[in-house]
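One line per chain: the protein sequences are A and B, in this order.
For our numbering, count along the first sequence from 1 and bump the result up by 231.
For our numbering, count along the second sequence from 1 and bump the result up by 723.
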Amino acid sequence: MVRIAKRPLAACVVALGLAFTTGAGAQTSCEIKIGALGPMSGPAAQWGLAMLGAAELAAAEANARGGLQVGNQRCTVSVLSYDTRYTAEGAAAGVNNLASQGVRFIIGPVGSPEVTGAKPVVTRHRLLMFANSYAKNAIGPQWPLVFHLGPGPSEWAAPIVRIAQQQFGMRSVAVVAPNDQGGTDIATVNAEVYRRHGITATEEYYQRGTTNFAPIVTRLLASRPDAVDTASSPPGDAGLIVRQLRQAGFTGPIGRLGGPGTDEIIRVAGGIDVLRNFYWYEVVPTEDPRVRAISDEYRRLLNKEPPENTNMWLWVVGARMTLRAIERAGTATDTQRVAAALRELPVEDPNVGRGSWTGQSFFGINQELSLPFGMGMIVDGRNLGVRRIEVSPQ
Amino acid sequence: MHEFLTAGIIGISLGAQYALLALGFTLIFGILGVINFAHGGFYALGGYVAYAAVSQFGLPFPLAVLAAVIVTAALGALYERFLIERLVDDHLATMMLTLGLYLVISTGLLAVFGPQSPEFSFPVKGTLRAGTLYLPLENLVVLAVCAAAIGGLWLLIYRTDFGRALRALADDRKVAMTQGMRPGLLFPLAFGLATGLAGLTGALVTPILALSPSAGDPVLVTSFLTVILGGLGSIAGAVVAAIIVGFVEAYASVYLGGSAGALILFVTVLVILLARPTGLFGREIRGA
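1. Alpha carbon to alpha carbon, what distance is there between A/W588 and A/G256?
2. In the DSSP output, what is A/H379 paired with across the bridge?
3. Could you work out which residue in A/A293, A/L280, A/M271 and A/M282 is closest to A/E558 when comparing CA atoms only?
4. How is A/S309 classed by DSSP in three states: helix, strand or coil?
5. Return the first residue and the last residue of the alpha helix (DSSP H) that A/Y425 is part of.
6. Three or more C-beta pairs under 8 Å: does that hold for the segment 942-951 of chain B against the segment 883-894 of chain B?
7. Step through the CB atoms of chain B and report whether any lies within less than 7 Å of the CB of A/Q412.
8. Quick check on A/R455: does DSSP put it in helix, strand or coil?
9. Can you check which of these residues, A/W387, A/Q304 and A/S403, is closest to A/L600 by C-alpha distance?
10. Using CA coordinates, which residue listed in B/P936, B/V994 and B/G1005 is at the minimum distance from B/Q839?
11. I'd like the span of the alpha helix (DSSP H) that includes B/V971, first residue to last.
12. With the cut-off set at 7 Å, would you say A/N542 and A/A290 are in Cβ contact?
13. Out of A/N540, A/R531 and A/E518, point me to the one whose CA is closest to A/R618's CA.
14. Can you confirm whether A/E495, when its beta carbon is compared against all beta carbons of chain B, has any partner nearer than 7 Å?
15. Residues in its own chain within less than 8 Å of A/Q412 by CB, not counting five upstream and five downstream?
16. Look up A/K264 in the DSSP assignment and give the residues it is bridged to.
17. Report the rounded CA-to-CA distance for A/F378 versus A/G549, giving the unit in angstroms.
18. Mapping the DSSP letters down to three states, classify A/Q478 as helix, strand or coil.
19. Please report the residue range of the alpha helix (DSSP H) in which A/N327 lies.
20. Just the Cα atoms here: how many angstroms apart are A/N540 and B/G956?
21. Could you pull out every unbroken beta strand (DSSP E) segment of at least 3 residues lying fully inside the segment 520-589 of chain A, listed in chain order?
22. Identify the residues that DSSP records as bridge partners of A/S403: which are they?
23. Looking only at its chain, what residues have a beta carbon closer than 6 Å to the beta carbon of B/A776, apart from the 5 residues adjacent to it on each side?
24. Our contact map puts A/A295 next to A/V310 with C-beta atoms below 8 Å; I'd like the distance itself, whole angstroms only.
25. When the cut-off is 7 Å and only beta carbons count, does B/P838 lie next to chain A?
26. Grouping DSSP H, G and I as helix and E and B as strand, with all else coil, what is B/D813?
27. List the residues of chain A whose Cβ lies closer than 7 Å to the Cβ of B/T729, in chain order.
28. According to the neighbour-count rule (16 or more other Cβ atoms, all chains shown, within 10 Å of its Cβ), is A/E513 buried or exposed?
29. Residues in the same chain with beta-carbon distance under 7 Å from B/R890, minus the five sequence neighbours each way, listed in chain order, please.
30. Let me confirm a value: A/A422 is counted as buried when at least 16 other C-beta atoms fall within 10 Å, else exposed. Which label applies?
31. Under 8 Å: do the segment 903-913 of chain B and the segment 791-811 of chain B share three or more Cβ pairs, one atom per stretch?
32. According to DSSP, simplified to helix, strand and coil, what is B/I754?
33. How long is the line joining the alpha carbons of B/A773 and B/V971, rounded to whole angstroms?
34. Applying the criterion that 16 or more other CB atoms from any shown protein chain within 10 Å of the CB defines a buried residue, is B/L762 buried or exposed?
35. Within 8 Å, do at least three Cβ pairs link the segment 981-1001 of chain B to the segment 730-743 of chain B?
36. Nearest CA to the CA of A/I496: which residue from A/Y529, A/V515 and A/T461?
This is the structure we're talking about:
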């Protein structure tokens, strides 16, 4: 008897509870898992860790505001990471791994081989991916859920080459890069831009994983170039190439029209005096106080030092926009609706500034963020800083 | 012409470094019958121990190198004594044990030192120049130390009772044991000697190349390639093969480029192995 009497009472309690928690206008909580996919170890680790730091910062910012408002749900944001080791197979495995953990949105990866490996898998899982690489086919109409963070050298190499030419007066350059897609897709474009400026350009490729560049340096110098461009060689490789070039007696300027990593290049090369004359591309104007404030925000919210690589400041823009698009779309599961919302978002970041969506002419799809970037220069061992270069809205 | 001579100098430098790495690798296989997949890990560990000794404890570089040798040798000896020794005749188990150790070392280095290359430079600066030819002094020092270490190892293995005991165990363990050789004591010492050589190479070479937790990845590949070419277990074979690998890599990269250079190296090894499947100095069946 007693048992029978308890059942209607329990049912009433449950029903009342449900009514309060799921009634019209009430909010439920949820968790959105963002995947951070990129190299976390090896020579390209700097780039992957910068990307991871940006995803963590964007998530922390959202959580500090009480989470994302997604429909009638208030969602906290968490970040899951996967180390691709800068390989296509690592990236493909990483997408599967993240998808199996409920991730629907991926920030990364950073390199061309990874993007090539990840694209078919994110398409199969219908995940939204905000990637950054200089691959000639980084995005395209066949991958509508893949967005691209920073334009390749076809967009920014020309002004840098022009300024470097004025400063250093070089008439020939040797471009050196790894022999996979991560190297060739940028080195060929760099070489073409140099040629358009009347500079003779040769290309030299090496096997990724090379540990001693002395033979490559000997070969490079055989063509007696005025300058050497390390293009998209990982910062660790580039630093060693610089050191061995100087040991071989090369005194000309060294360029880097590729992913940034100046601090590590200086460290591995043996100091700024060894580097001596250097010009490089920065993905954002790194000396803008508003840009640098991103690192202060990182320290405040995450209570640790931000990643060293300046790529983090660009990745933050992509991560923030992805979260804004989720809020605007009102869904954390329907990636097609989030992608549609993302395409409609104005490109304006409180720290990095105003930019535009580009990519239609180069990739056939307008899903590439174009933002102000920077050019750094070291002349006679003195760091002249990074100048801001604006992009024209399209 | 100067490219030809420069490539020759580079080839000698590369060959000496590869020889030092391959000697440790082949020593472990020759005596214990174990393929040490953690060899690259000991190389990276040696580099980081030397780096920490210099940057955090302020030791002079020669003492830092000595510290690297002691730490890597001790770790290798202990690992052999307490783990590998128990399963020394089970090839699959020792493969997994050494592979696991490599993952532990590289992940541990990543956790402690981070993924970025630290500033770790060789204390001897400057470059010898003769016309367009050049030889960095740091390479010369490394070459001299490598030559001394190879000579010392040869004397140890072929001119001391300890070396005779190791060779006896490698030839026929059962007979050697009946003669009083104790594998429980000698195997850890041999393993420690080999890992100490890897640590020595790491401490010497990473300051002139680059130091990172994954620095051991290519080392394992190169050591394997060299030792297979020379004949697994053969000390003379490892040295000769290392010099061949160094020269082929240098000349092919200089004259054919970095991509073709790597291809030529593997094709050369393939052709030699087709002619001599046991390697240049290998035997049909390992003794132990």
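The C-beta atom is built at its ideal place from N, Cα and C for all residues, glycine as well.
None of the values given here were measured: they were computed from a predicted structure.
Once the coordinates are examined:
1. Within the first sequence, the letter at position 25 stands for residue 256 of chain A. Within the first sequence, the letter at position 357 stands for residue 588 of chain A. Any answer about A/G256 is weak, because its pLDDT of 47 lies below 50 and its placement is not dependable; what the coordinates show is given next. Looking at the two C-alpha atoms, the distance is approximately 36 Å.
2. By 1-based counting over the first sequence, the position of residue 379 of chain A is 148. In DSSP, A/H379 forms a bridge with A/A362 and A/E599.
3. As a working mapping, residue 558 of chain A is identified with position 327 in the first sequence. That would be A/A293, whose Cα lies nearest to the Cα of A/E558.
4. The residue labelled residue 309 of chain A in the question sits at position 78 within the first sequence. Three-state result, A/S309: strand.
5. Taking the first sequence and counting its residues from 1, the one referred to as residue 425 of chain A is at position 194. Looking at the DSSP string, the run of the alpha helix (DSSP H) that includes A/Y425 is Q412 to R427.
6. no
7. Translated into the one-based positions of the first sequence, residue 412 of chain A becomes position 181. No, its Cβ sits nowhere closer than 7 Å to a Cβ of chain B.
8. One-based indexing of the first sequence puts residue 455 of chain A at position 224. In the structure shown, A/R455 sits in coil (DSSP, three-state: anything other than H, G, I, E or B).
9. The sequence position of residue 600 of chain A within the first sequence is 369, counting from 1. It is A/W387 whose Cα lies nearest to the Cα of A/L600.
10. Position 116 of the second sequence, counted from the first residue, corresponds to residue 839 of chain B. Of the candidates B/P936, B/V994 and B/G1005, the one whose C-alpha sits nearest the C-alpha of B/Q839 is B/P936.
11. By one-based count along the second sequence, residue 971 of chain B stands at place 248. Element bounds for B/V971: I958 to L979.
12. As a position in the first sequence, residue 542 of chain A is number 311, starting the count at 1. As a position in the first sequence, residue 290 of chain A is number 59, starting the count at 1. Going by C-beta atoms, A/N542 is not nearer than 7 Å to A/A290.
13. If you number the first sequence from 1, residue 618 of chain A lands on position 387. Closest by alpha carbon: A/E518.
14. Numbered from its first residue, the first sequence carries residue 495 of chain A at position 264. Yes - at least one Cβ of chain B is within 7 Å of the one on A/E495.
15. By one-based count along the first sequence, residue 412 of chain A stands at place 181. Excluding residues within five positions, the ones whose Cβ falls inside 8 Å are S343, P344, T347 and A366.
16. Position 33 of the first sequence holds residue 264 of chain A. According to DSSP, A/K264 bridges with A/S309.
17. Within the first sequence, numbered from 1, the residue matching residue 378 of chain A stands at position 147. Within the first sequence, numbered from 1, the residue matching residue 549 of chain A stands at position 318. Computed Cα separation, rounded: 9 Å.
18. As a first step, residue 478 of chain A must be located in the first sequence, where it is residue number 247. The answer is helix: DSSP assigns A/Q478 an H, G or I state.
19. Here residue 327 of chain A corresponds to residue number 96 of the first sequence, with the count starting at 1. Its alpha helix (DSSP H) spans residues A319 to S331.
20. Here the question's residue 540 of chain A lines up with position 309 in the first sequence. Here the question's residue 956 of chain B lines up with position 233 in the second sequence. Spanning the two alpha carbons is a distance of roughly 45 Å.
21. 587-589
22. Taking the first sequence and counting its residues from 1, the one referred to as residue 403 of chain A is at position 172. Note: A/S403 sits in a beta bridge opposite A/T431.
23. Translated into positions along the second sequence, residue 776 of chain B becomes position 53. Only L782, A787 and A790 meet the Cβ criterion.
24. Here residue 295 of chain A refers to the residue found at position 64 of the first sequence. Here residue 310 of chain A refers to the residue found at position 79 of the first sequence. With 8 Å as the limit, A/A295 and A/V310 do not qualify as a contact, their Cβ atoms being about 14 Å apart.
25. The residue labelled residue 838 of chain B in the question sits at position 115 within the second sequence. With 7 Å as the cut-off, B/P838 counts as an interface residue toward chain A.
26. For this step, residue 813 of chain B is matched to residue 90 along the second sequence. Three-state result, B/D813: coil.
27. Locating residue 729 of chain B in the second sequence gives position 6, counting from the first residue. What B/T729 touches in chain A: T449.
28. Counting from 1 along the first sequence, the entry for residue 513 of chain A is found at position 282. The residue is buried, with at least 16 neighbouring Cβ atoms inside 10 Å.
29. As a working mapping, residue 890 of chain B is identified with position 167 in the second sequence. Within the same chain, B/R890 has close Cβ partners I880.
30. Taking the first sequence and counting its residues from 1, one reaches residue 422 of chain A at position 191. It is buried - the Cβ of A/A422 has at least 16 other Cβ atoms within 10 Å.
31. yes
32. Stepping through the second sequence from its first residue, residue 754 of chain B is reached at position 31. Helix, per DSSP.
33. One-based indexing of the second sequence puts residue 773 of chain B at position 50. One-based indexing of the second sequence puts residue 971 of chain B at position 248. Roughly 30 Å separates the two Cα atoms.
34. Along the second sequence, read from residue 1 onward, the residue named residue 762 of chain B stands at position 39. Here residue 762 of chain B turns out to be His, not Leu, going by the sequence shown. Looking at its Cβ environment, which holds 16 or more other Cβ atoms inside 10 Å, B/H762 is buried.
35. no
36. The residue labelled residue 496 of chain A in the question sits at position 265 within the first sequence. Taking only the C-alpha atoms, the option nearest A/I496 is A/T461.
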